[in-house]
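Counted from 1, the sequence shown has number 478 at position 233 by the numbering used here; the numbering is strictly sequential.
For every residue, glycine included, the Cβ atom is placed at its ideal position computed from N, Cα and C.
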Amino acid sequence: PGLSLKQEGISYSAGSELPIVIVDIVRGGPGLGNIAPEQSDYNQMVKGGGHGNYKLLVLAPNSAQEMCDFTMLAFELADKYRNPVVVLTDGFNGQMMEPVDFPEPVKTKPDKTDWAVMGNAKTRKNLINSIYLDPEEMERHNIKLQKKYAEMEKNEIRFEEYKLNDAEVVGVAYGTVSRVMSSAVDEARKKGIKAGMLRPITLFPFPKPKFLELAESSTVKAFTVIEMSNGQMVDDGRRVVEGRKPVYFYGRMGGVVPKVSEIVEQFEKALK
């Protein structure tokens, strides 16, 4: 539960516009729980577990290669928006061993002299702060932050599509579950079920436009969200779809990873 203890500091970092990178390898909970994989930190990271009106940019890798790539990307995005960025994955992915190709290192460092204290006379007067005692000044700061989050939603949405062109049932999953789901889509199609997958890569910003496009498609009949939790991302899916199509949920908890056969069964149920 280390990140639970850090929520106050994360809120302070967002309020002070500090570019930090957080890696959350989610294990079983609540409480002491276990060290098996779960996705139950979704709400804590995507909705914000600390106080105040803030957002974290959240990336969800599903492989060792993406763990590497997205961590490098996280530092770039943190500096770009002066905001905490989270690399959110589960214990299965966190303990996985796979070959990785390391990208070229970043050769140019961002200029932070307009806000950071760099140990020189030029930056001596820069002040990192999240306290505004005047209510109107505090509101102006919040409005500034909300505009920044809107820019993230405009520019940083990332997702993966798999066999969606003719899909009648759209499976939605992130992290390790998305790897299981891609196999489930293949198995379902062998049985004549036209399944596809939408995999959110950014959990915030959430891929709302793609969800809406699929919800308004005449081909798509239903969505099935699969998570290693009690159902957290599914709430965002239902909020976007707004009843245009049914959004079903299937989850496993405690460190149990859904099987291909279970997901195929959920596809079948969604189309009945």
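> What does a CB cutoff of less than 6 Å around Asp-286 pick up in its chain, not counting 5 residues either side in sequence?
Replying inline: Leaving aside the five residues that flank Asp-286 on each side, the residues in its chain whose CB is nearer than 6 Å to its CB run, in chain order, Asp-269, Val-271.
> Measuring CA to CA, which of Lys-435, Ala-412, Glu-398, Leu-443 is closest to Gly-420?
Replying inline: When each option's Cα is compared against that of Gly-420, the closest is Leu-443.
> With Tyr-326 and Lys-393 assumed to form a contact (beta carbons below 8 Å), what rounded beta-carbon distance in angstroms separates them?
Replying inline: With a Cβ gap of about 6 Å, Tyr-326 and Lys-393 count as contacting.
> Alpha carbon to alpha carbon, how far is Ser-427 from Ala-395?
Replying inline: Rounded to the nearest angstrom, the two C-alpha atoms are 31 Å apart.
> Of the choices Lys-517, Ala-366, Ala-281, Lys-251, whose alpha-carbon is the least far from that of Met-341?
Replying inline: By alpha-carbon distance to Met-341, the top candidate from Lys-517, Ala-366, Ala-281, Lys-251 is Ala-281.
> Rounded to a whole number of angstroms, what is the C-alpha to C-alpha distance between Leu-277 and Gly-441?
Replying inline: Whole-angstrom Cα-Cα distance: 36 Å.
> The alpha helix (DSSP H) with Phe-451 in it runs from where to where?
Replying inline: Neither: Phe-451 is in no alpha helix (DSSP H) and is coded neither H nor E.
>> I'd like to check one pair, Ile-446 with Leu-304: are the Cβ atoms closer than 8 Å?
In response: At a Cβ-Cβ threshold of 8 Å, Leu-304 and Ile-446 count as neighbours.
> Which same chain residues, not among the five before or five after Asn-288, have their C-beta less than 7 Å away from its C-beta?
Replying inline: Contacts found: Gln-477.
>> Give me the DSSP bridge partner(s) of Val-492.
In response: By DSSP's assignment, Val-492 forms a beta bridge with Phe-468.
>> Buried or exposed for Ser-211, going by 16 or more other Cβ atoms inside 10 Å?
In response: Absent from the model: residue 211. The displayed extent of the chain is 246 to 517, so no value can be given.
>> Under DSSP, the beta strand (DSSP E) around Ala-309 begins and ends at which residues?
In response: Element bounds for Ala-309: not the beta strand (DSSP E) but the alpha helix (DSSP H), 309 to 326.
>> Tell me the rounded alpha-carbon separation between Thr-469 and Pro-452.
In response: If you take the alpha carbons of Thr-469 and Pro-452, they lie about 16 Å apart.
> Quick check: the region 251 to 265 against the region 327 to 338, are there 3 or more CB pairs under 8 Å?
Replying inline: Yes, the region 251 to 265 is in contact with the region 327 to 338.
> For Tyr-299, which of helix, strand or coil comes out of DSSP?
Replying inline: It is coil, neither helix nor strand.
>> Please list the terminal residues of the continuous alpha helix (DSSP H) segment that includes Thr-421.
In response: Start and end: 421 to 435.
>> Please return the same chain residues whose Cβ sits closer than 7 Å to the Cβ of Phe-337, not counting the five positions on each side in sequence.
In response: Here the set comprises Pro-282, Thr-421, Val-502.
> For Gly-273, which of Gly-297, Lys-251, Asp-335, Met-312 has the nearest alpha-carbon?
Replying inline: If we check each option's Cα against that of Gly-273, Asp-335 comes out closest.
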